[in-house]
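What follows is a short report on a single structure.
Number of protein chains: 2
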Amino acid sequence: IAKEVAKLLEMKAQLGGDEGKHKFVLKTPKGTRDYSPKQMAIRERVFNAIITCFKRHGAEVIDTPVFELKETLTGKYGEDSKLIYDLKDQGGELLSLRYDLTVPFARYLAMNKITNIKRYHIAKVYRRDNPAMTRGRYREFYQCDFDIAGQFDPMIPDAECLKIVHEILSDLQLGDFLVKVNDRRILDGMFAVCGVPDSKFRTICSSVDKLDKMPWEEVRSEMVGEKGLSPEAADRIGEYVQLHGGLDLIERLLQDPKLSQNKLAREGLGDMKLLFEYLTLFGITGKISFDLSLARGLDYYTGVIFEAVLLQQENDHVEEPASVGSVAGGGRYDGLVGMFDPKGRKVPCVGVSIGIERIFSILEQRVEASEEKIRTTETQVLVASAQKKLLEERLKLISELWDAGIKAEVLYKKNPKLLNQLQYCEDTGIPLVAIVGEQELKDGVVKLRVVATREEVNVRRESLVEEIRMRTSQ
Amino acid sequence: IAKEVAKLLEMKAQLGGDEGKHKFVLKTPKGTRDYSPKQMAIRERVFNAIITCFKRHGAEVIDTPVFELKETLTGKYGEDSKLIYDLKDQGGELLSLRYDLTVPFARYLAMNKITNIKRYHIAKVYRRDNPAMTRGRYREFYQCDFDIAGQFDPMIPDAECLKIVHEILSDLQLGDFLVKVNDRRILDGMFAVCGVPDSKFRTICSSVDKLDKMPWEEVRSEMVGEKGLSPEAADRIGEYVQLHGGLDLIERLLQDPKLSQNKLAREGLGDMKLLFEYLTLFGITGKISFDLSLARGLDYYTGVIFEAVLLQQENDHVEEPASVGSVAGGGRYDGLVGMFDPKGRKVPCVGVSIGIERIFSILEQRVEASEEKIRTTETQVLVASAQKKLLEERLKLISELWDAGIKAEVLYKKNPKLLNQLQYCEDTGIPLVAIVGEQELKDGVVKLRVVATREEVNVRRESLVEEIRMRTSQ
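In structure tokens, the structure reads:
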């Protein structure tokens, strides 16, 4: 028996070895995913809404490579730089995958000496972050960016960016949302008057940035404990960052005895007032909140910053906080292009980035829940036959239809059953079937069947294209 | 004086040092490029033509990540594997940028156990090749792939792929073209009857693949000199690879005393005959040539292979050969999905890949030559004012227009000159100007100016949207 077992084990090992030949890990890289045809159909809807809005605002479109010279990205993202994907050094230049579309845009402007452009760019960006795919956080994800570059009168382009966020989130019907607005100059002024040393501005700013995920007490202890801020300074910050409101709050802070003494804060508050006046003209202040706790992570912002969050629906009986996360963000970055220009010439820029993945997750869940049937093709007609030996006739007819611009399919079988052909239409949502048969060929007609009603009419072959067009035009 | 010079030199050195801070190499990585708005406009035209065709043939669309697990790409590309871009090992999985869309498609099918799909995929792929950017050869470039996967009756999907190539190249009006067709089984059969040892099939095949760039004599000496093939075998191959034609040639080779003895060749020729019968039904044999010199580089093809080349125009007085290079290619790869399946289950596939970059280069040059003016935005109307202090009124009006879905722009100046506003329309091709002024506001009208004719009419504010729509509908 022992001998037999040994033999069997040996055989098993051999089989294992053979299987090993095919043993691929069948997956996409961590934090990435494929898009199925159904997901693509939803994705295209979202893109269409966004692109339509960007074009409505007169934007051109550009594209840049997926990777940049490594040094192009260096020193632009502060602490987040560790999340950049580098390419292997295979000889030649050192390259990194783009981390956002803003830095490549600034590089593009400086390289082509463009001082004035309104453009959008929709493309994938890459971050070696901890993925949370169910909440729409991926390592490869789309950004949809709209930016206005150029020397203009204050706050007009900034207001347009907020109008765009408002239009897109309204169009997509994602439920209630709120756009928080702040200004880096107000934050810096606030840090100054609260007694934060200059050298700690950035790190205290990134603590403030965590207020959407942590309670104030935790943020305060990070400031005091980890970052060595005095408890008094932290408490003073604590009073400010709880404030949010509209024009009234801006007016109040302009009168604030401490803040109003600070030049940066005064400039920021003055521009914020102007911004809110323009937003009033646009009729969108109802969903905009001036919020002193908004800080945003990225290093390159210099003025207005903003972030849009979706609010929990009342009928969403979930035990989560009221905000389900950021779906758009942006701000002003007047220094970034100058970092690339050999002479440091600045091009002021302001822009918005729509985070498509979270929006997409929400819409995908909604489609799943509603059991709405989404077509993944646009085929108007299936060319079919009821009898055998008519493949040639089917191919001749479908070729005529394709050449006339009709979207048509045929089953790749010599003699498919009519039932299978009709079933294919049911499954894929094809509305019409063009049936060729011996008799129809003799009579110079094609039998056109409406899948939904099972109605059948004979159509003269020369009128078929027109008839299909008529019956499938919305 | 010497002292002064020293001082000046020191100052210069200091300035140089400061400049150094901004000294970035301002470029895109080797073999890549940005797309300007004008280039994007041309690119979108080409994509639209291609997508329209793919949808006409009932294809769904998918997307996959830009990188794959390195092992997913291993062993799929033969000698070309050295051109794959690897990502740096930053901990975690080893990744590579995709080299084409075919291998990710096969991985997608195996991973999701899909045995039946017709899909297209348009995305960038990456090859560390020697770039020749003026001829449209890049390291980052688009592929537009259409593939049919599934067990079907022979040659029906294969014929559809060729029909698609024919439709797209005709639609794009790139001038005369030719689609060369061959079959890997015919090649292998030919190698066998010519006396090529089994072990040399692949390497001799890649020599044959060079026949579109080298004369036969050079290819022959590579076969005999570098690859150690006997001169007799090479000469026998030489006789075959000069042959090209249509159904007549297929018939002749089916009678060929040597080839007809080889099972693989017989199968290939039989299918080729069937393919040409279907292509005849599609009415496209005029631009299709059965060409025994076509080999294609990639390892994974198992049956029909094809490649479309643009032919030099007669009026193109250039001293180049008649073919300006491949713009589409494809073939049948019945084994690739099985390489990913744990049990080796095969899913037969056939597909076509349109090489957009060369097509795009040609169209770009054509646009440059024709001085055709390409609009890069779709803006219908500029909201303008003739007098000062009307920014608020302009913003109110443009907000109304945006909310009604009108594509509108406004200059980001408090008090822009009317002339500058009209000039902006001329420059960017905006057809209409909506002018607000004190009098118009009192009268409840907006002055609508047609840029091309300078005609001006007063339109009641409540009719403005309708009037703009009417005047800008094609």
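As they're listed, the protein sequences go chains A and B. The first sequence lines up with residues 865 to 1338 when you count with the working numbering. The second sequence lines up with residues 865 to 1338 when you count with the working numbering. No residue lacks a Cβ here, since even glycine has one placed at the ideal position from N, Cα and C. Bear in mind the structure is a predicted one, so any value in this text is a computation, not a measurement.
Using CA coordinates, which residue listed in A:Arg1209, A:Ile1226, A:Tyr1165 is at the minimum distance from Gly942 (chain A)?
Among A:Arg1209, A:Ile1226, A:Tyr1165, the Cα nearest to that of Gly942 (chain A) belongs to A:Tyr1165.
Between the segment 1060-1069 of chain B and the segment 1033-1040 of chain B, do at least 3 Cβ pairs fall closer than 8 Å?
In short, these stretches do not touch, since the Cβ pair count stays below three.
Just to check my reading of the structure: Val967 (chain A) and Ile1220 (chain A) have Cβ atoms closer than 8 Å, yes? What is that Cβ distance to the nearest angstrom?
No, Val967 (chain A) and Ile1220 (chain A) are not in contact; Cβ-Cβ is about 19 Å, not under 8 Å.
Could you name the residues of chain B that Tyr949 (chain A) contacts, counting a contact when the two beta carbons are closer than 9 Å?
For Tyr949 (chain A), the chain B residues whose Cβ falls inside 9 Å of its Cβ are Phe931, Leu951, Lys952, Gln954, Leu959, in order along the chain.
Unbroken stretches of the beta strand (DSSP E), 3 residues or longer, contained in the segment 1267-1296 of chain B:
Entirely contained in the segment 1267-1296 of chain B, the beta strand (DSSP E) runs reaching 3 residues are, in chain order, 1272-1274.
What three-state label does DSSP hand Gln1007 (chain A) in the structure shown?
Three-state result, Gln1007 (chain A): strand.
Any idea which residues DSSP pairs His985 (chain B) with across the strands?
Residue pairing of His985 (chain B) in beta bridges, as defined by DSSP: B:Asp1009.
Thr1336 (chain B) at chain A interface by Cβ criterion, 8 Å:
Using beta-carbon distances, Thr1336 (chain B) does not count as an interface residue toward chain A, since no partner is under 8 Å.
Environment of Glu1232 (chain B) [buried if 16+ CB atoms lie within 10 Å]:
Counting Cβ neighbours within 10 Å, Glu1232 (chain B) comes out exposed, since fewer than 16 surround it.
Range of the contiguous beta strand (DSSP E) that encloses Asp1357 (chain B)
Because chain B here runs from 865 to 1338, residue 1357 (chain B) falls outside it and cannot be looked at.
Does the CB of Pro1295 (chain B) have a neighbour CB from chain A at under 8 Å?
No, Pro1295 (chain B) does not count as interfacial toward chain A.
With distance defined between alpha-carbon atoms, name the residue in B:Lys1271, B:Leu1255, B:Arg1001 nearest to Thr916 (chain A).
Comparing Cα-Cα distances from Thr916 (chain A) to each of B:Lys1271, B:Leu1255, B:Arg1001, the minimum goes to B:Lys1271.
Can you check whether the C-beta of Pro1095 (chain A) is within less than 8 Å of a C-beta belonging to chain B?
Cβ-Cβ to chain B under 8 Å: no for Pro1095 (chain A).
In this structure, what does DSSP give as the bridge partners for Phe931 (chain B)?
Bridge partners of Phe931 (chain B): B:Leu961.
Find the nearest neighbour of Ser1190 (chain B) within the set B:Gln903, B:Gly1000, B:Glu1096, B:Ala866, judged by alpha-carbon distance.
Answer by Cα proximity: B:Gly1000.
Kindly confirm or deny that the segment 1248-1256 of chain B and the segment 1274-1290 of chain B touch, where touching means at least three C-beta pairs closer than 8 Å.
Segment contact: the segment 1248-1256 of chain B against the segment 1274-1290 of chain B, three or more CB-CB distances shorter than 8 Å; contact assigned.
On the three-pair Cβ rule with 8 Å, is the segment 933-953 of chain B touching the segment 975-982 of chain B?
Counting C-beta pairs closer than 8 Å gives fewer than three between the segment 933-953 of chain B and the segment 975-982 of chain B, which falls short of the contact rule.
Which one or two residues does DSSP pair with Asp1155 (chain B) in a beta bridge?
Paired residue(s): B:His1108.
Comparing C-alpha positions only, which one of A:Glu1302, A:Trp1266, A:Val1247 sits nearest to Tyr1288 (chain A)?
Per the C-alpha coordinates, the member of A:Glu1302, A:Trp1266, A:Val1247 positioned closest to Tyr1288 (chain A) is A:Val1247.
Is any beta-carbon of chain B found at less than 8 Å from that of Lys919 (chain A)?
For Lys919 (chain A), the closest Cβ of chain B is nearer than 8 Å.
Cβ of Glu1183 (chain B) within 8 Å of any chain A Cβ
A caution first: Glu1183 (chain B) carries a pLDDT of 47, below 50, which makes its placement in the model unreliable, though a value can still be read off. Residue contact check for Glu1183 (chain B) against chain A: no CB pair falls below 8 Å.
With 8 Å as the threshold, decide whether the Cβ of Trp1266 (chain A) is near any Cβ in chain B.
Yes, Trp1266 (chain A) lies at the interface with chain B (some Cβ there is under 8 Å from its Cβ).
Closer than 8 Å to chain B by CB, Lys891 (chain A)
Yes, Lys891 (chain A) lies at the interface with chain B (some Cβ there is under 8 Å from its Cβ).
Spell out whether any CB of chain E is found under 8 Å from the CB atom of Tyr1165 (chain B).
Judged by its chain identifiers, the structure shown contains no chain E, and its protein chains are A and B.
Within chain B, partners of Tyr1197 (chain A) - CB distance below 8 Å:
Those do not exist, as Tyr1197 (chain A) stays about 17 Å from chain B at its closest Cβ, beyond 8 Å.
Could one say the Cβ of Val925 (chain A) lies closer than 8 Å to chain B's Cβ atoms, at least one of them?
Contact with chain B is found for Val925 (chain A), since one of that chain's Cβ atoms lies less than 8 Å from the residue's Cβ.
Classify Arg897 (chain A) as helix, strand or coil using the three-state DSSP reduction.
Per DSSP, reduced to three states, the secondary structure at Arg897 (chain A) is coil, with no helix or strand assignment.
How would you list, in chain order, the residues of chain A whose beta-carbon sits under 8 Å from the beta-carbon of Tyr941 (chain B)?
None at all; the shortest Cβ gap to chain A is about 15 Å.
What are the boundary residues of the beta strand (DSSP E) that Leu1146 (chain B) is part of?
According to the sequence shown, residue 1146 (chain B) is Phe rather than Leu. No beta strand (DSSP E) contains Phe1146 (chain B), which DSSP labels as neither H nor E.
Spatial distance of Thr936 (chain B) from Gly956 (chain B) (CA atoms):
Computed Cα separation, rounded: 16 Å.
Residue environment, Gln903 (chain B), which counts as buried when at least 16 other CB atoms sit within 10 Å
By the beta-carbon neighbour count (other beta carbons within 10 angstroms, threshold 16), Gln903 (chain B) is buried.
Closest by C-alpha distance to Gln922 (chain A), when choosing among A:Leu1051, A:Arg983, A:Ser960, A:Ala905:
Looking at the sequence itself, residue 922 (chain A) is Gly, so the reference to Gln does not match. With distances taken between CA atoms, Gly922 (chain A) lies nearest to A:Arg983 out of A:Leu1051, A:Arg983, A:Ser960, A:Ala905.
Taking Cβ to Cβ, would you say Gly1150 (chain B) is nearer than 8 Å to Asp1198 (chain B)?
Contact flag unset, no.
Report all residues from its chain with a CB closer than 8 Å to the CB of Val1309 (chain A); omit the five preceding and five following residues, and keep chain order.
Apart from the 5 residues on each side of it in sequence, Val1309 (chain A) sits with its Cβ closer than 8 Å to the Cβ of Asn1322, Val1323, Arg1324, Arg1325 in its chain, given in chain order.
Is the beta carbon of Val1043 (chain B) less than 8 Å from the beta carbon of Phe1146 (chain B)?
With a cutoff of 8 Å on beta-carbon distance, Val1043 (chain B) and Phe1146 (chain B) are scored as not near each other.
Can you give me the C-alpha to C-alpha distance between Arg1335 (chain A) and Glu908 (chain B), rounded to a whole angstrom?
Taking the straight line joining both Cα atoms gives about 29 Å.
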